[in-house]
Structure formats: structure tokens, C-alpha cells
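Start counting the sequence shown at 224; every next residue gets the next number (the working numbering). Don't be surprised by glycine CBs; every beta carbon is placed ideally from N, CA and C. In what follows, a single structure is set out as C-alpha cells and then discussed.
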Amino acid sequence: MLKSSLDENILGMTQIQVLSDKPTLIAHTLNLIVDKIHTTLQQQEKFTLALAGGGTPKPLYEALAQQSLPLEKIHIFWGDERYVSAAHPDSNQRMAREAWLDQVDFPSSNIHPMPTGSNDPSVDAQTHDQELRDFFGVEAGEFPTFDIILLGMGDDGHTASLFPKTEALTVSDRLITVGNKDGQPRLTFTYPLLNHARCIIFLVAGENKRPALAQIFSPDGDETLYPAKAVQPQGELIWLLDEAAGAELNG
Ligand SMILES: O=C1O[C@H](COP(=O)(O)O)[C@@H](O)[C@H](O)[C@H]1O
């Protein structure tokens, strides 16, 4: 795809970097996140990081586990969660704990998973909404600013648990809502929460992501079909892709 045919509204505020392969993509993302943690903590006491789920970020979390970081100052959240117990193989929390959080000496009070135990996803969404408001000290109608929200993108263009043509895409008055993956509930950050971030990093790998990326960066792409397109934060927006995903954007 020629750069001249990409959506100028997105490109104006976006950095797109295409790395040669997945290990290089992971190493680059690791350096970026570690740098941002150290730089930001020179100016503030706490660093807030929301993690992505799925399979793509697992090697990044394993690499973060090898870093020397000021863990007592870093607070971990998730941008979305499958509606399963924390021990379930599909749990985003479980993956990040196994790959990173449980491998290092994180204070347990710095880890803020989405609750999934009430048997009612809307109750758990409301509980986590209030937990975030209490942590950040924001009132109803206000949105907190995460230092980094790490996101992935599915081959259907979903991000967090904002799936194509679902009601969650229209929620604008809450931090957390209930997403819908083929009829299964999930918990997810809402667009306004995502879009208040200081920095969003998309981490995307694999050839199967190419068609959705082409729509997201096309002026004609439909945000309701490709929800990642509507992530347009007030801060930085950085798309990090491997060559398999980003070859057509690399021209
Ligand atoms: O289901 C999910 O999928 C997306 C994308 O995952 P990936 O493995 O294709 O990168 C992920 O970002 C999201 O957190 C997760 O719940």
C-alpha cells in the first residue's frame, strides 16, 4: 500500500514502525517501555501500565521479567479480560502473571486485575470502574490518564475487547464495560478511557493481521467494523508491527 493512500487523519498523530521480525519487534517494544518507565518516573511517583492479552505480548512479558525495574512504583492493569477465573487457561491475567508478574517481586497491591468472580459481568465491570476511579482519584464523568496502554489487534480489527459491531463501541460514560466476543462476555476498557492515555502502543505481529491493518489505515475504513481504528489518544499513538503484519505499510 502506498503511504499516499493512507488515512491522513490517523497518520498526523501516529508513529508506525515496522520491525524486521517478531524477536526484533519484541526487543524494540521492550526498550521503548523500559525507557518510558524510567523517564516518566523521574517526574512522578507512580507509573501506570495497562497490559494486553492474547498471545502476541507473551514474549514481551517474559523479557520484562528479565529487567531490573522499580516494581514498587509500577502499577499493572489490564485493558481487557475474558470472563473466566484467574486460573483459567484463557485468562489474560494468568498469562501475564505466568510470563512476568509472578516471576519477579511485584508488590501484590500494585497488581490490579479485572474481577471476574461475581457471575454477572456488568457487576464486575462496575466494580472495576470504581476501583480505577478510587486509584486515580477521578470523579464520575472524568477519565484517568494511563502512562502506557499496551494493546493488541485481532485479525478482525478488534482491540482490547471492543469487537466489531458490538454495543461496547458506543459506551462513552464509563471506564469499563462488557464486551461481546461471539456471544461470550468480556470486560474491556472503553474508548474514552483508551483515548485519555498518555501513550498507546499497539503490538501487532503476523500476516493474518494485514487485511485489518489495511482497513484501519485507509481513509475509507469503517471504525465499527475495525474497532482499533477509533483508538486516537490525546497522547502518543505508536503502532509497532513486524514485517509480516506491516509489509504493506512500510513503503
Ligand atoms: O482476545 C484478545 O485478542 C487481542 C489480540 O490478541 P493477539 O494474540 O492476536 O495479539 C488482544 O489484544 C486482547 O487483549 C485479547 O483479549
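Within 10 angstroms of the beta-carbon of Glu365 lie fewer than 16 other beta-carbons, which makes it exposed. Residues Val241 of the same chain have their beta carbon placed closer than 6 Å to that of Asn473, with the five preceding and five following residues left out of the count.
Boundaries of the alpha helix (DSSP H) harbouring Val346: Pro344 to Phe359, taken from the DSSP string. When DSSP assignments are scanned along the region 393 to 424, the uninterrupted stretches of beta strand (DSSP E) that are 3 or more residues long and fall wholly within it turn out to be 399 to 404 and 407 to 412.
For the 8 Å CB-CB criterion, Pro456 and Ala420 form a contact. Proximity to Lys281 across Gly375, Gln349 and Ala383 peaks at Gly375, based on C-alpha coordinates. Spanning the alpha carbons of Thr271 and Ser331 requires a straight line of approximately 15 Å. Straight across, the Cα-Cα distance linking Asn342 with Glu304 is about 14 Å. Counting of Cβ neighbours within 10 angstroms places Asp465 among the buried residues, the total reaching 16 or more. If you check the C-beta of Arg305 against ligand 1, you find a heavy atom less than 7 Å away. If you draw a straight line from the Cα of Thr339 to the Cα of Thr279, it is about 23 Å long.
Placement of the Cβ of Asn315 at a distance of less than 7 Å from at least one heavy atom of ligand 1 is found.
Within a 10 Å sphere around the beta-carbon of Val327 sit fewer than 16 other beta-carbons, which makes this residue exposed.
Relative to Leu294, the option among Tyr449, Ser314, Asp313 and Trp323 whose CA is nearest is Trp323. For Leu264, the closest of Ala273, Pro246, Asp370 and Thr247 by C-alpha to C-alpha distance is Asp370. Counted as a single uninterrupted DSSP element, the stretch harbouring His251 is not any beta strand (DSSP E) but the alpha helix (DSSP H) occupying residues Lys245 to Thr263. A Cβ-Cβ contact shorter than 8 Å links Lys269 with His298. DSSP places Asp378 outside both helix and strand once states are collapsed to three, so it counts as coil. Bridge pairing for Thr237: Leu460 [DSSP]. For Leu436, the secondary structure class from DSSP, reduced to helix, strand or coil, is helix. Only residues of its own chain outside the window of five on either side were considered, and among them Lys452 and Ala453 have a CB closer than 6 Å to the CB of Glu446, listed in chain order. Secondary structure at Glu362: coil, using DSSP grouped into helix, strand and coil. For Ile461, the closest of Phe440, Ala437 and Ile424 by C-alpha to C-alpha distance is Ile424. Distance from the CA of Thr252 to the CA of Leu463, rounded to the nearest whole angstrom, comes to 7 Å.
When rounded, the separation of the alpha-carbon atoms in Phe329 and Asp378 is 33 Å.
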